[in-house]
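S.K.: Everything in the sequence shown is counted per my numbering, starting at 4 for the first residue and increasing by one.
Attaching a single structure in structure tokens format; questions to follow.
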Amino acid sequence: MSESEKNYSDYVKHLSNLMSGMLFLAGFTFTVVTILLTRLPDSSSAQSQLILLFFTVFFYLLIFLASHFAIEVIYYCESIPQLSIKTKITNTLVVLVILLVGFAFPLLFLLWKLTLLATISSLIWAFFAIAIFLFVYMPFQKWRSRIIEPSK
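So, in structure tokens, the structure goes:
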């Protein structure tokens with residue numbers, strides 16, 4: 004293997020492990036919030052809402068990092084398929100699913116009539132959505148269009 008053909012497989016495994024850990028913790032965090040909402044004696048108290056807000060921010064951070072690692076892994080792939088309409092649609096749908104999963108928190112809070120918490124978490128979700136778009140989706144699309152010319 005020449006110097007220009009570096010083997011990044013160990014680094015890709017490391018990123019994949021990080022991504023898996025982040026997604027596991029995100030799932031755990033989502034479960035914790037759901038259980039807390041159903042089991043807290045007074046979920047409308049300020050203390051309860053601050054704890055739920057902390058878990059919400061933690062969840063968004065975990066999902067953002069997992070998304071970033073998922074895309075960064077692709078940068079080290081030796082060969083990737085042609086960029087086609089089908090792959091563009093798939094990439095867009097993946098980002099949409101990530102964003103919709105994140106919007107579950109404000110909806111959960113609305114179900115329990117925690118309006119202020121739902122509003123704050125919706126604002127945080129909006130920043131999360133903008134960050135995913137600017138720092139994950141757009142750089143990936145730009146990189147994809149530079150690496151392989153779109154098929155006709």
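Backbone N, C-alpha and C define an ideal beta-carbon position, used for all residues, glycine too.
1) Count the other C-beta atoms from every protein chain shown that fall within 10 angstroms of the C-beta of Trp146, then say buried if there are 16 or more, exposed otherwise.
2) If you follow the alpha helix (DSSP H) that Asp45 is part of, which residue opens it and which one closes it?
3) From Leu1 to Ser124, what distance separates their C-alpha atoms?
4) Are there three or more Cβ pairs, one per stretch, closer than 8 Å when the stretch 59 to 74 is compared with the stretch 104 to 117?
5) For the alpha helix (DSSP H) that contains Trp115, what are its first and last residues?
6) How many angstroms separate the CA atom of Ile101 from the CA atom of Leu64?
7) Within the stretch 39 to 107, note down every full beta strand (DSSP E) run reaching 3 residues or more, in order along the chain.
8) Between the beta-carbon of Ser163 and the beta-carbon of Ile135, is there less than 8 Å?
9) Which first and last residues belong to the alpha helix (DSSP H) in which Phe143 is found?
10) If distances are taken between C-alpha atoms only, which option among Phe72, Phe27, Glu81 and Leu113 comes closest to Phe143?
11) CB Val98 to CB Tyr140, shorter than 8 Å?
12) Report all residues from its chain with a CB closer than 6 Å to the CB of Met25; omit the five preceding and five following residues, and keep chain order.
13) Buried or exposed: where does Leu55 fall if 16 or more other Cβ atoms within 10 Å of its Cβ makes it buried?
14) What's the C-alpha gap between Pro84 and His17?
M.R.: To lay it out plainly:
1) So Trp146 counts as exposed.
2) For Asp45, no alpha helix (DSSP H) segment is defined, and its DSSP state is neither H nor E.
3) Because the chain is modelled from 4 through 155, residue 1 falls outside the range shown and cannot be assessed.
4) Under the three-pair Cβ rule at 8 Å, the stretch 59 to 74 counts as touching the stretch 104 to 117.
5) It is not in any alpha helix (DSSP H) - Trp115 carries neither H nor E in the DSSP assignment.
6) Take the alpha-carbon of Ile101 and the one of Leu64: they are about 12 Å apart.
7) DSSP runs (the beta strand (DSSP E)) wholly in the stretch 39 to 107: none.
8) This structure cannot speak to residue 163, because the chain is shown only from 4 to 155.
9) Run containing Phe143: Met141 to Ile150, per the alpha helix (DSSP H) assignment.
10) Just measuring C-alpha positions, the residue of Phe72, Phe27, Glu81 and Leu113 sitting nearest Phe143 is Phe72.
11) Yes, the pair counts as a contact, with Cβ atoms nearer than the cut-off.
12) Within its own chain, the residues whose Cβ lies closer than 6 Å to the Cβ of Met25, once the five positions on either side in sequence are excluded, are Leu65, Leu68 and Ala69, listed in chain order.
13) The residue in question, Leu55, is buried, as its Cβ has 16 or more Cβ neighbours within 10 Å.
14) Straight-line Cα distance between these residues: approximately 23 Å.
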